[in-house]
Amino acid sequence: MNRPVPEVPARPVVAPEATEPGFSWAWAGTLAATLLLVGVIVAPPFLPPEIRRWVMAGFRVVCHQLPSRSFHIDGVPLAVCHRCLGIYAAMPVAVLAFAWFGAGRPVLDRYAPYVLAASLLPLSIDWLGDVLGWWTNTPASRTITGGLFGLAAGYYLMQAVARAARPSRDAAGYADPGDDGP
Numbered sequence: 000m001n002r003p004v005p006e007v008p009a010r011p012v013v014a015p016e017a018t019e020p021g022f023s024w025a026w027a028g029t030l031a032a033t034l035l036l037v038g039v040i041v042a043p044p045f046l047p048p049e050i051r052r053w054v055m056a057g058f059r060v061v062c063h064q065l066p067s068r069s070f071h072i073d074g075v076p077l078a079v080c081h082r083c084l085g086i087y088a089a090m091p092v093a094v095l096a097f098a099w100f101g102a103g104r105p106v107l108d109r110y111a112p113y114v115l116a117a118s119l120l121p122l123s124i125d126w127l128g129d130v131l132g133w134w135t136n137t138p139a140s141r142t143i144t145g146g147l148f149g150l151a152a153g154y155y156l157m158q159a160v161a162r163a164a165r166p167s168r169d170a171a172g173y174a175d176p177g178d179d180g181p
């Protein structure tokens, strides 16, 4: 017997937020901002010394910039250390993944503080082990553990931007007629 095979509805390719008004601009803007940030971080070796000083001074506020803990290109350090580079470089990856990450979102949303804390755990262990002299961490361990936190931070950054880009809704879920979106 040849019975027709029932059609299985396809799983959405993008997260529900991706279809809401304002999301594409918010997503593209966040992606552009995180990519620009990474570009500025890796720019110092390619900049004239006067401009390089300004870029390095700008990142000195958020990073220790120890030369021994920073990647170098042609002998010139990047604007941040290995761990900070991992954090910042993972953020655009998380923003890219956000639009397609639909399956586990309710769990990630519900347990956001725990997910962020868990993403800090490898970074903290790597740092603490080095400080206590249990082991010497490496550029790879610092970059990878920073990247794990950057993925989580980038995901929740994009989540906050997506929520801010949504039109406001009343208790019944209807869009506010006076709200044209962001």
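Just so we're aligned, residue 0 is where the sequence shown starts under numbering that gives the first Met the number 0, counting upward by one. Beta carbons: idealized from backbone N, C-alpha and C, even for Gly.
The three-state reading of DSSP puts residue 76 in strand, counting E and B together. By the criterion of at least three beta-carbon pairs nearer than 8 Å, the segment 66-75 is not in contact with the segment 126-133. Across the set 86, 80 and 37, the C-alpha of 86 shows the shortest separation from the C-alpha of residue 153.
Our two residues, residue 25 and residue 1, have alpha carbons roughly 49 Å apart in a direct line. Bounds of any alpha helix (DSSP H) do not take in residue 45, whose DSSP letter is neither H nor E. Straight-line spacing of the CA atoms in residue 42 and residue 50 works out to 10 Å. The bridge partners DSSP lists for residue 81 come to none. In this structure, the beta-carbon distance from residue 151 to residue 115 falls below 8 Å.
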